[in-house]
Amino acid sequence: MKRAIRAVAFSICIIFLMYTVPNIVYDMIFSRIDIDTAVANAIVSICIIVVPCLIYLYIFQYDINIKECLKLKKISYRQIFILILIGFFIQPVSMLIGSVTNLFFGDKVMEYMALLSNTSFVVMIVALAIIPAIMEEIFMRGIILYDLRGLGLKSAAVLNGFIFGVMHMNFTQFFYAFVLGIVFVYIVNITGSIYSSIIIHFVINATQVILMRSLLDLGDIEGNASMSVKIGAIGFIGVISIICLPILILLFKKIKEYSV
Numbered sequence: 002m003k004r005a006i007r008a009v010a011f012s013i014c015i016i017f018l019m020y021t022v023p024n025i026v027y028d029m030i031f032s033r034i035d036i037d038t039a040v041a042n043a044i045v046s047i048c049i050i051v052v053p054c055l056i057y058l059y060i061f062q063y064d065i066n067i068k069e070c071l072k073l074k075k076i077s078y079r080q081i082f083i084l085i086l087i088g089f090f091i092q093p094v095s096m097l098i099g100s101v102t103n104l105f106f107g108d109k110v111m112e113y114m115a116l117l118s119n120t121s122f123v124v125m126i127v128a129l130a131i132i133p134a135i136m137e138e139i140f141m142r143g144i145i146l147y148d149l150r151g152l153g154l155k156s157a158a159v160l161n162g163f164i165f166g167v168m169h170m171n172f173t174q175f176f177y178a179f180v181l182g183i184v185f186v187y188i189v190n191i192t193g194s195i196y197s198s199i200i201i202h203f204v205i206n207a208t209q210v211i212l213m214r215s216l217l218d219l220g221d222i223e224g225n226a227s228m229s230v231k232i233g234a235i236g237f238i239g240v241i242s243i244i245c246l247p248i249l250i251l252l253f254k255k256i257k258e259y260s261v
């Protein structure tokens, strides 16, 4: 229980930094120099998450097994292939959750992407897909999950997912991030490797970046669709989600089979 309390306290500290530091840094530094928004966000995120994680591991190195904590276990090519498929087929489900919450809280993701109209595609992939996938997974499914494991898998997964949702700092992303966080915990538990959740996380983020980039290029990033169109889209995504669910179940069985 002490480890779990420690993990939650550390998470609260990180989330506090995420809510406070960016505005301070932007006002003091980035507002005075010409820097891409995505690059600035990536730099700040690294400072807020990576640096505290290194300090945390150093302070508690006496009772943290780095190998078990970071779970840097190699995975096979078959596992990688299955994980990539999971990353694709789980997206309709997360998009369904996101689309429903967008009706009530607005689409914060689209609002942010509108700020990146001048950002190159490569920078977007690195800043919004590669860096977050590695950084957030090592933090959440590495360090935090390691200290939550004493709660049991189910409780650890739910709490991990909740913290992951809060990390996204808005209600629009909270709910699907919460669900994905739970899924990532079970995936890491099945494979025993942090690489598994990093791969799925990257596939999801990269796919969304490509989709949003396409909308930017088409000049359709404002998301001013009527309510009837939005509800129709939710219905369509719901049908796709129902089709994807049995495929996801099969893929989970396969990844479990290949991880034995």
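Residues 2 to 261 (this note's numbering) are what the sequence shown spells out, left to right. Built from N, CA and C at the ideal position, the CB exists for glycine as well.
Check                                                                                                       : Outcome
Residue burial classification, T1 (beta-carbon count within 10 angstroms, cutoff 16)                        : Summary: the structure shown does not reach residue 1, with the chain confined to residues 2 through 261, and so no result is reported for it.
Complete runs of the alpha helix (DSSP H) confined to the segment 67 to 106 [at least 4 residues]           : 67 to 71, 78 to 90 and 92 to 106
Neighbourhood of A134 by C-beta, 7 Å cutoff - its chain only, sequence neighbours within 5 removed          : I199, H202, F203 and N206
Cβ pair I241, V184 closer than 8 Å                                                                          : no
Counted within 10 angstroms of its Cβ, other Cβ atoms place P247 as buried (16 or more) or exposed          : exposed
DSSP-derived helix/strand/coil call for V167                                                                : helix
V259 and Q80 closer than 8 Å at C-beta                                                                      : The sequence as given places Tyr at residue 259; Val does not occur at that position. Contact flag set, yes.
Host alpha helix (DSSP H) of M125 (start-end)                                                               : F122 to I126
M29 - DSSP class collapsed to helix/strand/coil                                                             : helix
Inter-stretch contact (C-beta, 8 Å, three-pair minimum) for the segment 25 to 40 and the segment 145 to 159 : no
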